[in-house]
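Sequential numbering of the sequence shown, starting at 0, is according to numbering that gives the first Met the number 0.
Let me begin by presenting the structure, written as structure tokens, before commenting on it.
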Amino acid sequence: MVQELVRENTENSVKEETKRLEFVPDVNIYESENTLILFVDMPGVDEKSVDITLNEDILSIQGKTSLEIPKEYKRIYSEYRIGDFKRDFKVSKPVDLENAEAVMKNGQLKLTLKKLKPEARKIAVKSE
């Protein structure tokens, strides 16, 4: 019975091509007076494939999953989803990306960002 079920699912699974999916990771964000911390769930993502960028006020976090199959094996059944994680955030306060810290542990990215203090600027007044 189990063999029949596997055989039915195998036939359907092998016919499908493996397509890269795009996942939106779950995120928790915490804030203190000087720091933002983001916890991003990215199971199956290697830290080498994580890309974090800040373009103006958009913080982008991306990562890729991969599955290495030995060359001497062929796929007969597959439920494992391969894809990319991507999430964008609008950052309302300036952050110091140069001193950011990103750590991947057990499929979770911890991103620590220091807030930049706004600089007071004096505007010179001219007379006419």
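All C-beta atoms in this analysis are idealised placements derived from N, C-alpha and C, irrespective of residue type, glycine included.
Report the start-end ranges of each beta strand (DSSP E) in the stretch 51-117 that is 3 residues or longer and not cut off at the edges.
As far as the stretch 51-117 is concerned, its whole beta strand (DSSP E) runs of at least 3 residues are 57-63, 82-89, 94-104, 107-114.
Coil, strand or helix - E46 by DSSP
It is helical.
Proximity of L20 and G62 at Cβ, strictly below 8 Å: Contact: no.
inquiry  = Please identify the residue among R74, E67, V102 whose C-alpha is closest to the C-alpha of V39.
reply    = Considering only alpha carbons, the answer is V102.
Closer than 8 Å by C-beta to I57: which residues in its own chain qualify, once you throw out the five before and the five after it? Chain order, please.
-> Shown here for I57: same chain residues with a beta carbon closer than 8 Å to its own, the five before and five after excluded, namely D87, F88, K89, V90 in chain order.
- prompt: Across which residues does DSSP place N33 in a beta bridge pair?
  reply: The partner list for N33 (beta bridge, DSSP) is empty, contrary to what the question assumes.
Evaluate E15 with the Cβ neighbour count: other Cβ atoms within 10 Å of its Cβ, from every protein chain shown; 16 or more gives buried, anything less gives exposed. Interpretation of E15 is limited by its pLDDT of 48, a score under 50 that renders its predicted location unreliable; no figure is taken from the coordinates.
Exercise. What are the boundary residues of the beta strand (DSSP E) that includes E127?
Worked result: No residue range can be given for E127, since it is assigned to no beta strand (DSSP E) and is classified by DSSP as neither H nor E.
Alpha carbons only, please: which of K92, K70, L115, L37 is nearest the one belonging to L108? Per the Cα distances, L37.
**Report entry** Through-space distance from K73 to L112, alpha-carbon basis
**Finding:** Each residue's alpha carbon lies about 44 Å from the other.
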